[in-house]
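K.L.:
Residue numbering for the sequence shown is 1096 to 1412, as defined by our numbering.
Sharing a structure, written as structure tokens. Questions coming.
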Amino acid sequence: MKIFSSFQASRLTGKNLHWGMPFALSVEPTTSCNLRCPECPSGLRSFTRPTGMLDPKLFEKAIEELSDDLIYLILYFQGEPYLHPEFHGLVKAAKQRKLYVATSTNAHYLDNENARKTIDSGLDRLIISLDGTDQETYASYRIGGKLDKVLDGTRNLLKLRDEMRSKTPFVVFQFLVTGKNEHQIPEVKKMAKELGVDDVWLKTAQIYDYENGNELIPQQSRYSRYRKLSNGKWALKNAMSDRCWKMWHSSVITWDGKVIPCCFDKDASHSLGNLNEESFRVVWKGEKYNAFRSNLLSNRSSIDICKNCTEGTEIWV
1096 MKIFSSFQAS
1106 RLTGKNLHWG
1116 MPFALSVEPT
1126 TSCNLRCPEC
1136 PSGLRSFTRP
1146 TGMLDPKLFE
1156 KAIEELSDDL
1166 IYLILYFQGE
1176 PYLHPEFHGL
1186 VKAAKQRKLY
1196 VATSTNAHYL
1206 DNENARKTID
1216 SGLDRLIISL
1226 DGTDQETYAS
1236 YRIGGKLDKV
1246 LDGTRNLLKL
1256 RDEMRSKTPF
1266 VVFQFLVTGK
1276 NEHQIPEVKK
1286 MAKELGVDDV
1296 WLKTAQIYDY
1306 ENGNELIPQQ
1316 SRYSRYRKLS
1326 NGKWALKNAM
1336 SDRCWKMWHS
1346 SVITWDGKVI
1356 PCCFDKDASH
1366 SLGNLNEESF
1376 RVVWKGEKYN
1386 AFRSNLLSNR
1396 SSIDICKNCT
1406 EGTEIWV
């Protein structure tokens, strides 16, 4: 209530008012990835920031400080979380703090051992990226990926979950809708049902170079973040309003301890502090964070990471 009321007060007055601590947090286990997806800086190997692995001690320090206020934790930002050698230990540490814990994976590492460890860890939700129902379509975006491996990993996990009589993790197929796979939406739903997957999410694709059109933009408008203008150019559907709920209720921590505004700052170009040097509370209440919030309340369109943001308009079906 503190966070929500301060957000509404800020939205109405245009002044940066913030009370309380975040109840949602994303923490990045690693920027490493085994695939080369074309709209992902991990896949493109295009980061200017270094690649590395999250220090478990830094992670435990952060969740210890935040656990009284935190409800939801996603152990994912960029990269493939299962490449972190102590990923399951990170989940267990968060579960000991009674947090709801989710992660997102390309599911190439869900062999029997990892599947069992995933269930044992207490992970609440596992989001599996599945962007095609045949190898050709899947690999057109998940470059270097093997659909059979994803499906085998899913089967491994679901079979073990039944055998271990566990209710978790809740397993989701996340289908990133593009111009190359939109015809397979009915098929992915059918596939999920046959496998026993708990849900299917259809997610709109973030495309960096969209102004002149892009083959990844779906033909079905409901699944696109972009609209075609009368001059032939493309633009975001989202109106750039001077507010952002995410900046009041959540935050992102990179593998090396940087605190950044949100998941759109993939290259951590807006570092608001570093947990290796100060506490999260000091960063959250600090001058840089408040200046960033004030800027988006007055001139959000001037912030580079906001220019391809769909806050308030993302489509999940």
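Glycine included, C-beta positions come from ideal geometry on N, C-alpha and C.
Model, not experiment: these values are computed from the prediction.
Measure the beta-carbon distance from R1388 to M1342 and round it to whole angstroms, keeping in mind my assumption that it falls under 8 angstroms.
P.N.:
One-based indexing of the sequence shown puts residue 1388 at position 293. One-based indexing of the sequence shown puts residue 1342 at position 247. Confirmed, Cβ separation roughly 5 angstroms.
K.L.:
Taking G1303 as the reference, give the member of A1104, K1110, K1402, M1096 with the closest Cα.
P.N.:
Taking the first residue of the sequence shown as 1, we reach residue 1303 at position 208. The sequence given here has Tyr at residue 1303, not Gly. Out of A1104, K1110, K1402, M1096, K1402 has the C-alpha closest to the C-alpha of Y1303.
K.L.:
For F1099, report the span of its alpha helix (DSSP H) as first-last.
P.N.:
Position 4 of the sequence shown, counting from 1, holds the residue named residue 1099. Here the alpha helix (DSSP H) through F1099 covers 1097-1108.
K.L.:
Could you check whether the stretch 1361-1375 touches the stretch 1257-1268, counting it as contact only if at least three pairs of C-beta atoms, one from each stretch, sit closer than 8 angstroms?
P.N.:
no
K.L.:
For F1270, tell me which candidate among E1258, R1260, M1286, S1346 has the shortest Cα-Cα distance.
P.N.:
Sequence index remark: in the sequence shown, residue 1270 carries index 175 (1-based). Nearest C-alpha to F1270: M1286.
K.L.:
Given a cut-off of 9 angstroms on the beta-carbon distance, is the pair L1130 and N1201 in contact?
P.N.:
Residue mapping note: residue 1130 aligns to position 35 of the sequence shown, counting from 1. Residue mapping note: residue 1201 aligns to position 106 of the sequence shown, counting from 1. Closer than 9 angstroms, so yes.
K.L.:
Can you tell me whether L1297 is helix, strand or coil according to DSSP?
P.N.:
Working through the sequence shown from its first residue, we reach residue 1297 at position 202. In this structure, L1297 counts as strand in the three-state DSSP scheme.
K.L.:
Give me, in chain order, the residues of the same chain whose beta-carbon lies closer than 7 angstroms to that of I1169; leave out the 5 immediate sequence neighbours on both sides.
P.N.:
Locating residue 1169 in the sequence shown gives position 74, where the first residue counts as 1. Counting only Cβ-Cβ distances below 7 angstroms, and skipping sequence neighbours, we find S1121, A1197, T1198.
K.L.:
The alpha helix (DSSP H) that contains K1152, what's its start and end?
P.N.:
As a working mapping, residue 1152 is identified with position 57 in the sequence shown. Taken as a continuous stretch (DSSP letters only), the alpha helix (DSSP H) holding K1152 covers 1151-1161.
K.L.:
Whether or not the stretch 1365-1380 and the stretch 1345-1352 are in contact is what I'm after, with contact meaning three or more pairs of Cβ atoms, one per stretch, closer than 8 angstroms; do they touch?
P.N.:
yes
K.L.:
Do you know offhand how far H1344's Cα is from A1104's?
P.N.:
Taking the first residue of the sequence shown as 1, we reach residue 1344 at position 249. Taking the first residue of the sequence shown as 1, we reach residue 1104 at position 9. In this structure, the straight-line span from the alpha carbon of H1344 to that of A1104 is close to 14 angstroms.
K.L.:
Using a Cβ-Cβ cutoff of less than 6 angstroms, which residues in the same chain neighbour L1421 once the five nearest sequence positions on both sides are dropped?
P.N.:
Residue coverage of the chain in this structure runs from 1096 to 1412, which leaves residue 1421 outside it and unanswerable.
K.L.:
To test your reading of the DSSP string, which unbroken alpha helix (DSSP H) runs of 4 or more residues are found completely within the stretch 1344-1391?
P.N.:
1375-1379
K.L.:
According to DSSP, is L1165 part of a helix, a strand, or is it coil?
P.N.:
Position 70 of the sequence shown, counting from 1, holds the residue named residue 1165. Coil at L1165, not helix or strand.
K.L.:
Three-state secondary structure (DSSP) at G1407?
P.N.:
Counted from its first residue, the sequence shown places residue 1407 at position 312. Per-residue confidence for G1407 stands at a pLDDT of 46, beneath the threshold of 50, marking its modelled position as unreliable; no derived number is given.
K.L.:
Y1258: buried (16+ other C-beta within 10 angstroms of its C-beta) or exposed?
P.N.:
Reading the sequence shown from its first residue, position 163 is the one you call residue 1258. As written in the sequence, residue 1258 is Glu, which differs from the Tyr given in the question. It is exposed - the Cβ of E1258 has fewer than 16 other Cβ atoms within 10 Å.
K.L.:
Could you work out which residue in K1110, D1150, P1176 is closest to S1127 when comparing CA atoms only?
P.N.:
To locate residue 1127, count along the sequence shown from 1; it is residue 32. Cα-wise, what sits closest to S1127 is P1176.
K.L.:
Kindly indicate which residue of H1203, P1117, T1249 has the alpha-carbon position closest to the one of I1166.
P.N.:
As a position in the sequence shown, residue 1166 is number 71, starting the count at 1. Considering only alpha carbons, the answer is P1117.
K.L.:
According to DSSP, what are the bridge partners of K1323?
P.N.:
By one-based count along the sequence shown, residue 1323 stands at place 228. For K1323, which the question treats as bridged, DSSP gives the partners W1329.
K.L.:
If you check the beta carbons only, do R1237 and G1227 fall under 9 angstroms apart?
P.N.:
By 1-based counting over the sequence shown, the position of residue 1237 is 142. By 1-based counting over the sequence shown, the position of residue 1227 is 132. Result yes, Cβ atoms of R1237 and G1227 sit closer than 9 angstroms.
K.L.:
For E1123 versus Y1195, is the C-beta spacing smaller than 9 angstroms?
P.N.:
Against the sequence shown, residue 1123 aligns to sequence position 28. Against the sequence shown, residue 1195 aligns to sequence position 100. No. Outside cutoff.
K.L.:
Which residue from R1320, N1333, G1308 puts its Cα closest to that of G1327?
P.N.:
Position 232 of the sequence shown, counting from 1, holds the residue named residue 1327. In this structure, G1308 is the residue among R1320, N1333, G1308 with its C-alpha nearest to the C-alpha of G1327.
K.L.:
Hey, T1108 and H1179 are a contact pair by Cβ (cut 8 angstroms); roughly how many whole angstroms apart?
P.N.:
Start at 1 with the first residue of the sequence shown, and residue 1108 comes out as number 13. Start at 1 with the first residue of the sequence shown, and residue 1179 comes out as number 84. Actually they do not touch by this definition, with Cβ atoms about 42 angstroms apart.
K.L.:
Applying the criterion that 16 or more other CB atoms from any shown protein chain within 10 Å of the CB defines a buried residue, is G1240 buried or exposed?
P.N.:
Locating residue 1240 in the sequence shown gives position 145, where the first residue counts as 1. Its Cβ being crowded by 16 or more others within 10 Å, G1240 is buried.
K.L.:
For R1220, name the three-state secondary structure that DSSP assigns.
P.N.:
Reading the sequence shown from its first residue, position 125 is the one you call residue 1220. Strand.
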